[in-house]
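Quick notes on the structure that follows.
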Amino acid sequence: MEVNIGKTVPISFKEVEEAYAVARQGGKAAGIDRESWADFEREKEKNLYVVWNRLASGTYFPQPVRLKMIPKPDGKQRKLGIPTIRDRIAQQVLKERMESRC
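The working numbering applies: residue 4 is where the sequence shown begins, and numbers increase by one.
Here it is, written out as structure tokens:
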């Protein structure tokens with residue numbers, strides 16, 4: 004699936020698969036959509052295809068992050084934003100592309 008005919012951004016499906024493998028190693032908490040890794044993996048190829056298609060066509064838009072308040076040792080709290088699984092994968096694709104150019 005390396006062909007990007009008709010796509011505006013030359014992102015390969017392989018890049019998305021590699022980004023998935025890295026993102027899968029990270030956080031386990033579900034984002035605002037409440038989709039777990041197990042949910043995502045039930046139709047992994049289809050879900051990765053959707054992420055790739057939207058990234059490559061320039062139509063990917065991230066969802067809002069889920070807000071979680073984390074207590075600090077001083078009694079205050081800090082905000083933690085939890086992205087969706089799809090957004091984690093998309094962010095990893097972009098991270099890899101940016102790092103390879105810098």
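No residue lacks a Cβ here, since even glycine has one placed at the ideal position from N, Cα and C.
If you're wondering where the values come from, they're calculated on a predicted model, not measured in any experiment.
- Of Trp55, Lys47, Glu46, the smallest CA-CA separation from Ser15 is found for Trp55.
- Spanning the alpha carbons of Gln66 and Phe43 requires a straight line of approximately 16 Å.
- Under DSSP, Leu83 takes part in a beta bridge, and its partners are Lys71.
- In summary, Glu102 is exposed, with fewer than 16 beta-carbon neighbours lying within 10 Å of its beta-carbon over all protein chains present.
- Closest in alpha carbon position to Arg89, among Thr11, Val12, Pro13, Tyr52, is Tyr52.
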